[in-house]
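Under this note's numbering, the sequence shown has 455 at position 334, and the numbering climbs by one with no breaks. C-beta: ideal position from N, C-alpha, C; glycine also. Quick caveat, the model's predicted, so the values are computed rather than measured. In what follows, a single structure is set out as structure tokens and then discussed.
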Amino acid sequence: MCGIIGVTGRPDAAELLLEGLERLEYRGYDSAGLVLSVPGSLWRARAAEGTTSVGALRVLAAEAPGASTGLGHTRWATHGHPAVENAHPLFDCTQRVGVVHNGIIENHAEIQGRLVASGHTMASATDTEVLAHLVEERMAGGMGLAESVRVALGEVRGSFSIAVVSSDEPELLVAARRNTPLILGLADGAAFLASDIPALLGQTDRLFVLADDQLAELRPGSIAVSTLDGLPVEPPALSVHWDLAAAQKGGYEDFMSKEIREQPRAVADTLLDRCRPDGSLALDEAKLTDEDLRSITRIHIVACGSSYHAALLARYAIEHWAELAADVDVASEFRYREPVLDPKALALGVSQSGESLDTLLALREARARGARVLGVTNVVDSSIAREADGVLYTRAGPEICVAATKTLLAQIVALDLLALKLAQLRATRSPREISATLDALHRLPAAIEEVVSRAKEVDDVAKALGGARDFFFLGRNVGYPVALEGALKLKELSYLHAEGYPAGELKHGPIALLEPGAVVVGVATRNPLWEKFRSNIAEVKSRGATVVLVANDGDERAAQLADHVLWVPEAEHLLSPVLDIVPLQLFAYRLARLHGLDVDRPRNLAKTVTVE
Ligand code: M6R
């Protein structure tokens, strides 16, 4: 959630931290802050101005003294409202220790009680501040910074990636993690830390992963890693194939426009080289053998948000092509419902970031209950990628906009490939059928390009509905997860009331909400329940709702039923969602822009959710 960056050994530390924070804003923007180590003291600036916090921090940092060591933070508030006094870095009583933190210190109230009783004064309402005071206590007792952090962490429960600086050891940064990500970077004469790869792109390509319960000491040109118990370890190198340009806007007004337009490439790259000349599918990063996959009796898919919608779509593909039972759970519910799994089950975690804590913990639960684990993620060497028995990478490149677009389409096709691979191994579909479906998959990038090129038509529909406040997204069969995704995109970007429903369920209650003024957006492309869906739309139309349909080119009946149509080319029904989602992304984008909202940084959200 929060973004962390640190550097030591760079005379331009302040500018480097600010640039890193600009690239980490998508992790949270309730506030931003930085601390610089200057001889004998710490210099700090903090701003809490919502989506413009980093910009406001940049203005304050114009007064910053020259320094080569420092830390920066963008906050997604958990404990303590978004305000300057709760912005990180947080200091101890002596103002000699500065801490930035991502995660939650679960026993902070108990620690705070003890600290306050022994004379400490808390300056914020955060869970994080206790860490600064715990380190202060140890340093007052004569311990060095690294040992103080190590001992302090022995007292805390919860999840953390933290970085600490002290004016007593001005060139040293100490970092540690448990359950939330932190990477390290090394260059001649400098060392870096960050919560995410884009922050360090262009600074160094010598990147390393800090694992759970490890602590790193960063000095100019050197990094020493040890476990929290003090045993030295070698951090594994992180493979990164992204370049700086991929993490910049490249002439677009915002990252969302750029990422929507990158979707054909994201899908094409995810499909690239997966098909061997003999027609068999090579999911090489999935280290599970063909024999392992053949022996699977049930798949349990866990995911959150848009990735959950990709998971729902995967269930249709796995059940249809591979004739294999598949369950889908919201990750945050899965681990607490005592799921029954057996050793022939496969737990599949779908996560763009590979760091969503709910998904990571659900996969750990599945493994503890005997299942093998496969991750589908966009981030190489992310926590889910490293912990899974196998990983299937989407190749969408970095996604900066908080709302998922290109990574979702890449997930859907990656999961289609997995379903087809299972169908091959289980011989549930003939080689001819599989080959025809693969050809259809390879035609998708051109079709997505075509849908994106129709953005102006979507804009016109959005403009016509600019005053609407209530939106109901309906679909059946694979149209249902598409409807859920359309509703999620609209609510997170435009803050309008939007709900996604399976259209057949409407008559069991939600139809009571329909009245003139409400907008129903229906996913009316061809699928096995197409005819029934049309009847559902006729029902809503008769209640006076305005109807927008996503429909296949040339569908006259859709044109008669709807007030507005968002046209898409026809595709095989299981593949159609990859096209149907695109006009809904564009629709949400345009409505948000019409309402004057920042599409890249919607309020209250963070790109990667690393708290439970
Ligand atoms: O990184 P993940 O795919 O695990 O993230 C899951 C959700 O947090 C994410 O899809 C979220 O719902 C997005 N804001 C959707 O646009």
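Find the nearest neighbour of residue 202 within the set 248, 213, 160 and 177, judged by alpha-carbon distance.
The sequence position of residue 202 within the sequence shown is 81, counting from 1. The candidate whose alpha carbon is nearest that of residue 202 is 248.
Mind checking who residue 193 pairs with in its DSSP beta bridge?
Taking the first residue of the sequence shown as 1, we reach residue 193 at position 72. According to DSSP, residue 193 bridges with 126 and 155.
If I measure Cβ to Cβ from residue 226 and keep anything under 8 Å in the same chain, skipping five residues before and after, which residues do I get?
Taking the first residue of the sequence shown as 1, we reach residue 226 at position 105. Answer for residue 226: 232, 248, 249, 251, 252, 277, 278, 279 and 281, listed in chain order.
Kindly give me the distance between the Cβ atoms of residue 682 and residue 662, rounded to whole angstroms, as I take these residues to be in contact under 8 Å.
Taking the sequence shown and counting its residues from 1, the one referred to as residue 682 is at position 561. Taking the sequence shown and counting its residues from 1, the one referred to as residue 662 is at position 541. About 6 Å; that satisfies the 8 Å criterion.
Could you round the C-beta distance between residue 534 and residue 392 to whole angstroms and report it? I think they count as a contact, below 8 Å.
Locating residue 534 in the sequence shown gives position 413, counting from the first residue. Locating residue 392 in the sequence shown gives position 271, counting from the first residue. Going by Cβ atoms, the distance from residue 534 to residue 392 rounds to 6 Å, so yes, they are a contact pair.
Which of the three DSSP states, helix, strand or coil, is assigned to residue 176?
Within the sequence shown, numbered from 1, the residue matching residue 176 stands at position 55. Looking at residue 176 - three-state DSSP - the assignment turns out to be helix.
Return the first residue and the last residue of the alpha helix (DSSP H) that residue 545 is part of.
Position 424 of the sequence shown, counted from the first residue, corresponds to residue 545. Counting along the chain, the alpha helix (DSSP H) containing residue 545 begins and ends at 527 to 547.
With hydrogens ignored, establish whether the beta-carbon of residue 474 is closer than 6 Å to any heavy atom of the ligand M6R.
The residue labelled residue 474 in the question sits at position 353 within the sequence shown. At least one heavy atom of the ligand M6R is nearer than 6 Å to the Cβ of residue 474, so yes.
Which residues share a DSSP beta bridge with residue 347?
Looking up residue 347 in the sequence shown gives position 226. Its beta-bridge partners are 336 and 353.
Does the structure place the stretch 308 to 326 close enough to the stretch 235 to 248 that three or more beta carbon pairs sit under 8 Å?
Flag = no, the stretch 235 to 248 and the stretch 308 to 326 do not touch.
Using the C-alpha atoms, what's the distance from residue 486 back to residue 459?
For the purposes of this step, residue 459 is identified with residue 338 of the sequence shown, where counting begins at 1. For the purposes of this step, residue 486 is identified with residue 365 of the sequence shown, where counting begins at 1. For residue 459 and residue 486, the distance between alpha carbons rounds to 9 Å.
Hey, how far is the Cα of residue 136 from the Cα of residue 156?
Position 15 of the sequence shown, counted from the start, is the residue given in the question as residue 136. Position 35 of the sequence shown, counted from the start, is the residue given in the question as residue 156. Approximately 12 Å between the Cα atoms of the pair.
With a threshold of 6 Å on Cβ separation, who are the neighbours of residue 493 within its own chain once the five nearest residues in sequence on each side are excluded?
The residue labelled residue 493 in the question sits at position 372 within the sequence shown. Closer than 6 Å at the Cβ level, and outside the excluded window around residue 493, lie 467 and 510.
When you compare only the Cα positions, how much space is there between residue 538 and residue 141?
Within the sequence shown, residue 538 is the residue found at index 417, counting from 1. Within the sequence shown, residue 141 is the residue found at index 20, counting from 1. Roughly 36 Å between the two C-alpha positions.
Shortest alpha-carbon distance to residue 482 belongs to which of 354, 504 and 357?
Indexing the sequence shown from 1 puts residue 482 at position 361. When each option's Cα is compared against that of residue 482, the closest is 504.
Taking the DSSP output, what are the residues bridged to residue 688?
The residue given as residue 688 occupies position 567 in the sequence shown. DSSP lists 672 as partners of residue 688.
Given a cut-off of 7 Å, decide if residue 686 and residue 679 are closer than it, judged by their beta-carbon atoms.
Here residue 679 refers to the residue found at position 558 when the sequence shown is read from its first residue. Here residue 686 refers to the residue found at position 565 when the sequence shown is read from its first residue. Result yes, Cβ atoms of residue 679 and residue 686 sit closer than 7 Å.
Could you pull the DSSP bridge partners for residue 300 from this structure?
Indexing the sequence shown from 1 puts residue 300 at position 179. Looking at the DSSP assignment, residue 300 forms a beta bridge with 281.
Taking the straight line between their C-alpha atoms, what separation do you get for residue 296 and residue 305?
Residue 296 sits at position 175 when you count from the first residue of the sequence shown. Residue 305 sits at position 184 when you count from the first residue of the sequence shown. The straight-line gap from Cα to Cα measures roughly 9 Å.
Work out the CA separation of residue 497 and residue 186 for me, nearest whole Å.
Working through the sequence shown from its first residue, we reach residue 186 at position 65. Working through the sequence shown from its first residue, we reach residue 497 at position 376. Roughly 45 Å between the two C-alpha positions.
Give the list of continuous alpha helix (DSSP H) stretches no shorter than 4 residues that lie fully inside the stretch 414 to 466.
Taking only runs of at least 4 residues, the alpha helix (DSSP H) segments lying wholly in the stretch 414 to 466 are 426 to 438 and 452 to 455.
For residue 514, name the three-state secondary structure that DSSP assigns.
Position 393 of the sequence shown, counted from the start, is the residue given in the question as residue 514. Strand.
Using 6 Å as the cut-off, classify the Cβ of residue 480 as near or not near the heavy atoms of the ligand M6R, replying yes or no.
Taking the first residue of the sequence shown as 1, we reach residue 480 at position 359. Residue 480: yes, Cβ under 6 Å from the ligand M6R.
Below 6 Å CB to CB, which residues in the same chain sit around residue 512 once its five sequence neighbours on both sides are set aside?
Residue mapping note: residue 512 aligns to position 391 of the sequence shown, counting from 1. Only 406, 496 and 506 meet the Cβ criterion.
Could you give the distance in angstroms between the alpha-carbon of residue 618 and the alpha-carbon of residue 403?
Counting from one through the sequence shown, the residue named residue 618 turns up at place 497. Counting from one through the sequence shown, the residue named residue 403 turns up at place 282. Cα-Cα distance, rounded: 43 Å.
May I ask you to report which of helix, strand or coil DSSP gives residue 225?
Numbered from its first residue, the sequence shown carries residue 225 at position 104. Residue 225: strand per DSSP, three-state reduction.
Could you say which of 517, 293, 613 and 656 lies nearest to residue 595 if we only look at CA atoms?
As a first step, residue 595 is located in the sequence shown; it is residue number 474 there, counting from the start. The shortest C-alpha separation from residue 595 is found at 656.
Report yes if the C-beta distance between residue 272 and residue 285 is below 7 Å; otherwise report no.
Translated into positions along the sequence shown, residue 272 becomes position 151. Translated into positions along the sequence shown, residue 285 becomes position 164. It is not a contact, given that the beta carbons lie outside the stated cut-off.
Measure the alpha-carbon distance for residue 701 versus residue 597 and round it to whole angstroms.
In the sequence shown, counting from the first residue as 1, residue 701 sits at position 580. In the sequence shown, counting from the first residue as 1, residue 597 sits at position 476. One C-alpha to the other measures close to 13 Å.
With DSSP run on the structure shown, which of helix, strand or coil describes residue 665?
As a working note, residue 665 is residue 544 in the sequence shown. Note: residue 665 maps to coil in three-state DSSP.
In angstroms, rounded to a whole number, what distance separates the CA positions of residue 676 and residue 643?
The residue you call residue 676 lines up with position 555 of the sequence shown. The residue you call residue 643 lines up with position 522 of the sequence shown. Their backbone Cα atoms lie some 14 Å apart in a straight line.
What three-state label does DSSP hand residue 110 in the structure shown?
With the chain running from 122 to 733 in the structure shown, residue 110 is simply not present.
Check residue 294 in the structure and name its three-state DSSP category.
Here residue 294 is taken as the residue at index 173 of the sequence shown, counted from 1. Strand, per DSSP.
Among 604, 222, 694 and 257, whose alpha-carbon lies nearest the alpha-carbon of residue 239?
In the sequence shown, residue 239 corresponds to position 118, counting from 1. The candidate whose alpha carbon is nearest that of residue 239 is 257.
Considering only DSSP beta bridges, list what residue 620 is partnered with.
For the purposes of this step, residue 620 is identified with residue 499 of the sequence shown, where counting begins at 1. DSSP, once it has assigned bridges, lists 593 as partnering residue 620.
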